[in-house]
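In the numbering used here, the protein residues as written are 1 to 179.
Positions of the beta carbon are idealized from the N, C-alpha and C atoms, including for glycine.
Step one of this worksheet: look at the structure below.
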């Protein structure tokens, strides 16, 4: 297949291989290929897919892939599509010292319009435990190791208005997606 003029994208699937929902990455790769995407590869076991397409409409790609994944794996897929090149910029804007090994460093990818709604919780956080900062449809999150699921901000993320509209990746994973 001729792929010279194609764009490279990253798909981040929410809720894959957690809570008993198991999807083999080889099956996910096959699903993307059968949906007419090219040079498909997966990173780790948590629903990170790099692929190429001549389609430039990210919303169209998202809808196509969500439909294909829902049909194939029978789960309510939520997928975030980004241009691979845009991830470099997101990582470069991480506002916290990510070399501090006492903390986990995350980028939370959000549906448009949610960043400001999450940042209102910023003043309620214990800065020794966690800190957040906003970006372009992302929230950067630094949280003390062992507190990711127990912290005040993690409790905000499971509220119904946010729960299905974000996906979280460790900054090291995001770096692997742009390598």
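Item                                                                                                       : Value
Segment contact, 8 Å Cβ cut-off, at least three pairs: the stretch 99 to 116 with the stretch 57 to 64     : no
Residue 150, enclosing alpha helix (DSSP H) - first and last residue                                       : It is not in any alpha helix (DSSP H) - residue 150 carries neither H nor E in the DSSP assignment.
Stretch-stretch touch, CB-based, cutoff 8 Å, three pairs: the stretch 16 to 33 with the stretch 145 to 158 : no
Three-way DSSP call (helix, strand, coil) for residue 156 in this model                                    : helix
CB contact flag (residue 9, residue 83, <8 Å)                                                              : yes
Same chain, Cβ closer than 6 Å to residue 119, five either side skipped, listed in chain order             : 134
Residue closest to residue 69, alpha-carbon to alpha-carbon, out of 167, 140, 14 and 125                   : 14
Coarse secondary structure for residue 72, derived from DSSP in three states                               : helix
Contact under 8 Å by Cβ, residue 50 with residue 65                                                        : no
Inter-residue Cα distance where the pair is residue 175 and residue 29                                     : 20 Å
Spatial distance of residue 195 from residue 42 (CA atoms)                                                 : In this structure the chain extends from 1 to 179, so residue 195 is not present and cannot be described.
Integer-rounded CB distance, given that residue 90 should sit under 8 Å from residue 177                   : Incorrect: roughly 10 Å between the Cβ atoms, too far for contact.
Straight-line Cα distance separating residue 20 from residue 1                                             : Model confidence at residue 1 stands at a pLDDT of 49, short of 50, so the residue's coordinates are unreliable; what they give is reported in the following sentence. Between residue 1 and residue 20, the C-alpha separation is close to 36 Å.
Of the residues 102, 55, 95 and 93, the one placed nearest residue 81, counting alpha carbons only         : 55
Which residues DSSP lists as bridging residue 110, in chain order                                          : 166
Pairwise C-alpha distance: residue 33 and residue 127                                                      : 44 Å
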